[in-house]
Amino acid sequence: MQNLKEFERPQSLDEAVEKISAKPGRRLLAGGTGLSITDSKTTIGLVDLKSVGLDYIEDDSDAIKIGATAVMRALEESSLLQNYAGGLLADVAAEVGTTPLRNMITAGGNITQLRVWSDLPAPLLALDAEILVTDQEGETTYPAQKFFHRHPSQLLDDTDIVTEIQLPRGIENYSSSYTKFVAVDDSYAVTSVSVVLDMEGDTVKDVRIGVGSASPSPARCPEAEEELVDAELNESLAEKVGEICRANVNTTDNVWGSGDYKSKLIEKLVKKNLLQAKTS
Amino acid sequence: MQIELEINGERDTYEVAPATRLIDLLRREGFQEVKKGCDEGHCGSCTVLLDGMPVLSCVMFAAQADDQSITTIEGIGTIDDPHILQREFVDKGAVQCGFCVPGMILSAKALLEENPSPEEDEIKRGLDGNYCRCTGYVKQIEAVQSAAKKMRGDA
Numbered sequence: 029m030q031n032l033k034e035f036e037r038p039q040s041l042d043e044a045v046e047k048i049s050a051k052p053g054r055r056l057l058a059g060g061t062g063l064s065i066t067d068s069k070t071t072i073g074l075v076d077l078k079s080v081g082l083d084y085i086e087d088d089s090d091a092i093k094i095g096a097t098a099v100m101r102a103l104e105e106s107s108l109l110q111n112y113a114g115g116l117l118a119d120v121a122a123e124v125g126t127t128p129l130r131n132m133i134t135a136g137g138n139i140t141q142l143r144v145w146s147d148l149p150a151p152l153l154a155l156d157a158e159i160l161v162t163d164q165e166g167e168t169t170y171p172a173q174k175f176f177h178r179h180p181s182q183l184l185d186d187t188d189i190v191t192e193i194q195l196p197r198g199i200e201n202y203s204s205s206y207t208k209f210v211a212v213d214d215s216y217a218v219t220s221v222s223v224v225l226d227m228e229g230d231t232v233k234d235v236r237i238g239v240g241s242a243s244p245s246p247a248r249c250p251e252a253e254e255e256l257v258d259a260e261l262n263e264s265l266a267e268k269v270g271e272i273c274r275a276n277v278n279t280t281d282n283v284w285g286s287g288d289y290k291s292k293l294i295e296k297l298v299k300k301n302l303l304q305a306k307t308s
Numbered sequence: 052m053q054i055e056l057e058i059n060g061e062r063d064t065y066e067v068a069p070a071t072r073l074i075d076l077l078r079r080e081g082f083q084e085v086k087k088g089c090d091e092g093h094c095g096s097c098t099v100l101l102d103g104m105p106v107l108s109c110v111m112f113a114a115q116a117d118d119q120s121i122t123t124i125e126g127i128g129t130i131d132d133p134h135i136l137q138r139e140f141v142d143k144g145a146v147q148c149g150f151c152v153p154g155m156i157l158s159a160k161a162l163l164e165e166n167p168s169p170e171e172d173e174i175k176r177g178l179d180g181n182y183c184r185c186t187g188y189v190k191q192i193e194a195v196q197s198a199a200k201k202m203r204g205d206a
C-alpha cells in the first residue's frame with residue numbers, strides 16, 4: 029500500500045457514496061483483515077465504513093436484515109439468527125476464523141471479497157438471501173444466485189457499496205445442517221455443505237443445498253433439490269442425491285484439496301447433512 | 052493523519068500514515084509487549100483489547116482504532132501488582148518461551164469478563180485465536196480456570 033495517502037471516515041452512507049465516487053483509486057474498508065495485508069500499488073485512498081451505521085441485525089416484517097459491517101461475533105450471538113432456519117447462519121459465523129478475527133471480519137467483507145475464509149456465501153445461496161448494493165444512482169437488490177454467480181467483483185464497480193443482506197420470511201421454521209470440512213479447527217474450509225430443509229412427515233416439501241469452497245464461486249445443487257422435493261427422505265435417497273450433487277458441481281484444485289477430493293467430500297457431506305437436517 | 056487513542060488508560064494523539072497497521076504504531080510508540088509473530092492474522096501474539104474486545108492488531112489499520120481504547124498486557128498488571136490471570140499463569144507453569152502469553156492473557160481476560168464461569172470447552176474457544184508452540188495448552192487452561200475461581204471469589 030505504498031501509494032496509500034488518504035483515509036476517509038464518512039459518518040453516513042450518503043457521505044460514503046460521495047467519498048468512494050469522488051476519485052479513482054479509493055477502496056472501501058470494512059473489517060480490514062484482508063485489505064490491511066494486501067499489497068496494492070493502485071490504492072490511493074481508503075473509505076472506512078465503520079461509522080456509517082451498517083452494523084445492525086434487525087427483525088423487519090419482510091426480512092431479517094444484516095448490515096454489511098456487522099461482525100461474525102454479532103451474527104454468531106444474534107438470537108434472531110439463532111432462531112432462523114435452524115440457526116444456520118449463526119452456526120456458520122461461529123466457525124469463521126478465530127475469536128479475535130470474529131470480532132473483526134464483517135458480513136459485507138466476507139461475501140464481497142470471496143477469500144478463503146468466505147464461509148457465508150454458500151449458506152446465503154441456500155437461504156435465498158438478497159444482497160443490497162448502493163451507489164450514486166441508488167439501491168440495487170441482487171438475489172444471492174445472481175450476486176454469487178461469478179466473483180462479485182465482476183458484478184460490482186469499485187464505487188458500489190454492499191450495504192445489507194436480507195434473509196427472506198417464510199423459511200424461519202425450516203431445519204438446517206452445516207459442515208465446514210477443515211484440516212484443523214481454525215483452518216480454511218476444504219469444502220462446506222449447507223442444507224436447508226422443510227419436511228412434512230418423511231416427505232420433503234422444500235430443500236436447498238449450498239456448496240462452498242469447492243469451486244471458484246459457491247454453488248447450489250438444483251438437480252439434487254428437484255430429486256428430493258415430494259420424495260421420502262431416507263438414507264438411500266440421501267446417498268443418491270449426494271451423487272447427483274457431486275456430478276453437478278465443478279470442483280477445482282487449491283492448496284486445501286484437489287478437485288477430486290472435494291467432489292468426494294460433496295457426495296458424503298450432502299448425504300450426512302440431509303439426514304442431520306431431517307432429524308434436527 | 053492524526054488519530055486519538057486511549058492506550059492503557061492514557062489518551063493521546065498519534066501521527067500515523069494511512070497505511071500504518073495498528074501493531075506497527077503500537078510497537079513504534081514503545082508498546083513492545085504487543086508481539087509480532089506471523090504478522091498476517093493467524094497466530095494471535097499481537098492480540099490487544101479494542102474497547103474490551105480481543106482483536107488482532109496486525110490485520111487492521113491504526114486509523115480504524117481512532118477514538119477507541121486499547122488495552123495491552125502492560126495495561127492490566129505490573130510485576131509488583133500482577134493481574135490474577137498473570138499470577139495464575141506463572142503459578143501454574145503455563146509459560147514456557149512466553150511469546151504468546153501477552154495475547155493469550157488478554158483473550159482470557161475478555162472471556163472472563165463476559166463469562167466468569169467458563170466450561171473447559173468455552174475456555175478453549177475463548178483462547179482459540181492464540182497459538183502456543185511450546186505447550187499443549189493444558190496448563191494455560193488450568194490457569195484460566197484457577198484465575199476464574201479467584202476472580203469470582205470462590206478460592
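Each protein sequence line maps, in turn, to chains W and U. By the count of the numbering used here, the first sequence reaches residue 308 at its end, each step adding exactly one. By the count of the numbering used here, the second sequence reaches residue 206 at its end, each step adding exactly one. Each residue gets a CB set at the ideal place from its N, CA and C atoms; glycine is no exception. Being a predicted model, the structure only gives us computed values, none of them experimental.
When the cut-off is 8 Å and only beta carbons count, does residue i lie next to chain W?
i, result
"U/Ala70", "yes"
"U/Pro105", "yes"
"U/Thr64", "no"
"U/Ala114", "yes"
"U/Thr186", "no"
"U/Met52", "yes"
"U/Asp172", "no"
"U/Gly128", "no"
"U/Gly92", "yes"
Taking the straight line between their C-alpha atoms, what separation do you get for residue i and residue j?
i, j, result
"U/Pro169", "U/Leu56", "31 Å"
"W/Gly125", "U/Gln147", "26 Å"
"W/Leu109", "W/Leu153", "16 Å"
"W/Thr162", "W/Thr168", "6 Å"
"W/Ile139", "W/Ser64", "17 Å"
"W/Lys33", "U/Ala114", "12 Å"
"W/Arg54", "W/Asp226", "44 Å"
"W/Leu302", "W/Ala247", "16 Å"
"U/Ile121", "W/Asn31", "28 Å"
"U/Asp132", "W/Arg130", "32 Å"
"U/Ala68", "U/Lys160", "31 Å"
"W/Ser286", "W/Met100", "28 Å"
"W/Asp119", "W/Glu104", "6 Å"
Based on the DSSP secondary-structure assignment, which residues constitute the bridge partners of residue i?
i, result
"W/Gln194", "W/Lys93, W/Glu158"
"W/Val223", "W/Ser205, W/Ile237"
"W/Asn282", "W/Gly285"
"U/Leu107", "U/Thr98"
"W/Asp334", "A query on residue 334 of chain W cannot be resolved here, the shown segment of chain W reaching from 29 to 308 and no further."
"W/Arg248", "W/Gly238"
Within the 8 Å Cβ cut-off, does residue i reach chain U?
i, result
"W/Met29", "yes"
"W/Asp87", "no"
"W/Phe35", "yes"
"W/Thr23", "Examination of residue 23 of chain W is not possible in this model, given that chain W is present from 29 through 308 alone."
"W/Ser64", "yes"
"W/Pro38", "no"
For the putative contact between residue i and residue j, defined by C-beta atoms under 8 Å, what is the C-beta separation to the nearest angstrom?
i, j, result
"W/Ile193", "W/Ile159", "6 Å"
"U/Ser108", "U/Val141", "Wrong, their Cβ atoms sit about 24 Å apart, outside the cutoff."
"W/Ala252", "W/Val224", "In fact, because the Cβ distance is near 13 Å, the residues do not count as touching under 8 Å."
"W/Val239", "W/Ile199", "So it is not a contact: roughly 19 Å between Cβ atoms."
"W/Gly114", "W/Ser222", "Not a contact, Cβ separation roughly 10 Å."
"W/Thr231", "W/Glu263", "Their Cβ separation, rounded to whole angstroms, is 15 Å, which puts W/Thr231 and W/Glu263 out of contact at 8 Å."
With hydrogens ignored, establish whether the beta-carbon of residue i is closer than 7 Å to any heavy atom of the ligand MN.
i, result
"W/Ile72", "As presented, the structure is devoid of all ligands, the ligand MN included, so that no description of it is given."
Return the chain-ordered ranges of every alpha helix (DSSP H) run that is complete within the region 97–148 of chain W and spans a minimum of 4 residues. The qualifying runs are 100–105, 107–110, 116–122, 127–130, 135–141.
Can you list, in chain order, the stretches of the alpha helix (DSSP H) that have 4 or more residues and sit fully within the region 103–154 of chain U? Those alpha helix (DSSP H) runs which fall completely within the region 103–154 of chain U and span 4+ residues are 135–142.
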